[in-house]
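Residue numbers (this note's numbering): 103 to 335.
See below for the structure under consideration.
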Amino acid sequence: MTNQLIAVIDDEPDILELVSIHLKKANFRVREFTEAEPFYQFLAREIPDLIILDLMLPDIDGLQICNYLRGNDRFASIPIVMLTAKTEEIDKIIGLELGADDYVPKPFSPRELVARVRAVLRRPARIDAAAQRIVVSDVVIDVDRREVRVKGKTIDLTPSEFKILHLLAMRQGRIQTRDQILNFLWGDEKFVIDRTVDVHIRHLREKLGEASQIIKNVRGAGYRIDDETVDIP
Numbered sequence: 103m104t105n106q107l108i109a110v111i112d113d114e115p116d117i118l119e120l121v122s123i124h125l126k127k128a129n130f131r132v133r134e135f136t137e138a139e140p141f142y143q144f145l146a147r148e149i150p151d152l153i154i155l156d157l158m159l160p161d162i163d164g165l166q167i168c169n170y171l172r173g174n175d176r177f178a179s180i181p182i183v184m185l186t187a188k189t190e191e192i193d194k195i196i197g198l199e200l201g202a203d204d205y206v207p208k209p210f211s212p213r214e215l216v217a218r219v220r221a222v223l224r225r226p227a228r229i230d231a232a233a234q235r236i237v238v239s240d241v242v243i244d245v246d247r248r249e250v251r252v253k254g255k256t257i258d259l260t261p262s263e264f265k266i267l268h269l270l271a272m273r274q275g276r277i278q279t280r281d282q283i284l285n286f287l288w289g290d291e292k293f294v295i296d297r298t299v300d301v302h303i304r305h306l307r308e309k310l311g312e313a314s315q316i317i318k319n320v321r322g323a324g325y326r327i328d329d330e331t332v333d334i335p
């Protein structure tokens with residue numbers, strides 16, 4: 103079961119409704135937009151887990167939106183699925199080069215689209231190598247040195263604990279399911295179980311002490327670090 107938030111931007115109301123209905127049937131939460139400006143206003147309030155983006159919009163080219171998202175630290179790691187009637191190979195190449203995670207041409211099967219959304223969400227998170235230092239309240243994550251400090255004191259974390267903290271901080275404000283965390287840590291290896299994540303989180307919180315309050319447990323969903331507590335210098 104999922105309660106992940108999907109933002110859908112498409113200027114065709116029928117397509118927008120069709121996509122929304124099937125995503126909701128798959129237990130996703132959905133926000134619908136027919137133009138870019140309301141979508142940008144939404145991004146100032148919420149960060150979706152994935153964006154389905156039409157290439158052709160009335161007020162702006164979808165590629166421009168993709169380029170903007172990938173160039174902004176706050177949104178760079180959000181997965182993007184391009185949805186468009188344009189099938190020329192050059193458009194697909196440009197979209198993927200700008201950072202789209204998948205490309206679905208119209209007409210499409212709604213069930214296939216949902217399957218692709220799920221597949222993209224299962225992929226390891228997109229980590230921006232340029233963000234080498236992340237500050238979360240009293241916690242400083244030095245990605246280059248693989249060090250974590252709380253109020254200036256170095257905390258000894260295992261490699262898995264460090265990767266989980268780094269993942270949550272980079273995907274600030276967004277719930278990371280146990281499956282997503284497992285995939286980020288071990289890929290397709292199947293010998294691990296969901297509760298392995300809970301054990302690592304518990305140990306991570308113990309080591310962080312009072313600073314562990316930055317990690318939120320979203321009951322029945324997963325874990326997140328709230329975006330308002332995060333700064334990437």
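Here a beta-carbon is modelled for each residue, glycine too, at the ideal position from N, C-alpha and C.
**Item:** Pairwise C-alpha distance: H124 and N319
**Value:** 28 Å
**Item:** Buried versus exposed call for V301 [16 or more other C-beta atoms within 10 Å across all chains shown]
**Value:** exposed
**Where I277 falls: helix, strand or coil (DSSP)** = Reduced to three states, the DSSP call for I277 is coil.
**Prompt:** Given that a residue counts as buried once 16 or more other Cβ atoms are within 10 Å of its Cβ, and exposed if not, what is G324?
**Reply:** buried
**Prompt:** Which two residues bound the contiguous alpha helix (DSSP H) that contains F144?
**Reply:** A138 to L145
**Request:** Could you check if E308 is buried or exposed, using at least 16 other CB atoms within 10 Å of its CB as the buried criterion?
**Result:** Under this definition E308 is an exposed residue.
**Enclosing beta strand (DSSP E) for A78 [first to last residue]** = This structure cannot settle anything about residue 78, because the visible part of the chain is limited to 103 through 335.
**Prompt:** What are the boundary residues of the alpha helix (DSSP H) that I316 is part of?
**Reply:** Where I316 is concerned, there is no enclosing alpha helix (DSSP H), given that its DSSP letter is neither H nor E.
**Prompt:** For the alpha helix (DSSP H) that contains I117, what are its first and last residues?
**Reply:** P115 to K127
**Item:** Assigned exposure category for Q143 - 16 Cβ within 10 Å defines buried
**Value:** If you draw a 10 Å sphere on the C-beta of Q143, you find fewer than 16 other C-beta atoms in it, and that means exposed.
**Message:** If distances are taken between C-alpha atoms only, which option among A187, D328, V252 and N129 comes closest to V216?
**Reply:** N129
**Message:** For E137 and Q315, I'd like the C-alpha separation in whole angstroms.
**Reply:** Distance between the alpha carbons of E137 and Q315 is about 37 Å.
**Request:** Could you check what DSSP says for F177 in three-state terms: helix, strand or coil?
**Result:** Note: F177 maps to coil in three-state DSSP.
**Asked** Between which two residues does the beta strand (DSSP E) harbouring R326 extend?
**Response** G324 to I327
**Asked** Where do the ends of the alpha helix (DSSP H) carrying L259 lie?
**Response** That residue, L259, is in no alpha helix (DSSP H); it is neither H nor E in DSSP.
**Asked** Applying the criterion that 16 or more other CB atoms from any shown protein chain within 10 Å of the CB defines a buried residue, is T256 buried or exposed?
**Response** Residue environment for T256: exposed (fewer than 16 other C-beta atoms within 10 angstroms of its C-beta).
**Request:** Quick one: give me the first and last residue of the alpha helix (DSSP H) that P99 is part of.
**Result:** Outside the shown range of the chain (103 to 335) lies residue 99, about which nothing can therefore be said.
**Prompt:** At what residues does the beta strand (DSSP E) containing L185 begin and finish?
**Reply:** I182 to T186
**Message:** On the CB-based measure, 16 or more other CB atoms within 10 Å of its CB, does E263 come out buried or exposed?
**Reply:** With 16 or more other Cβ atoms from the protein chains shown falling within 10 Å of its own Cβ, E263 counts as buried.
**Request:** Identify every residue that forms a DSSP beta bridge with M158.
**Result:** D163
**Prompt:** In chain order, what residues of the same chain lie with their CB nearer than 6 Å to the CB of K253, ignoring the 5 residues before and after it?
**Reply:** D240
**Nearest to D113 (by Cα), restricted to the options R131, I154 and L145** = If we check each option's Cα against that of D113, I154 comes out closest.
**Request:** Would you please state the rounded distance, in angstroms, between the beta carbons of L185 and D163? I believe it to be under 8 Å.
**Result:** Actually they do not touch by this definition, with Cβ atoms about 14 Å apart.
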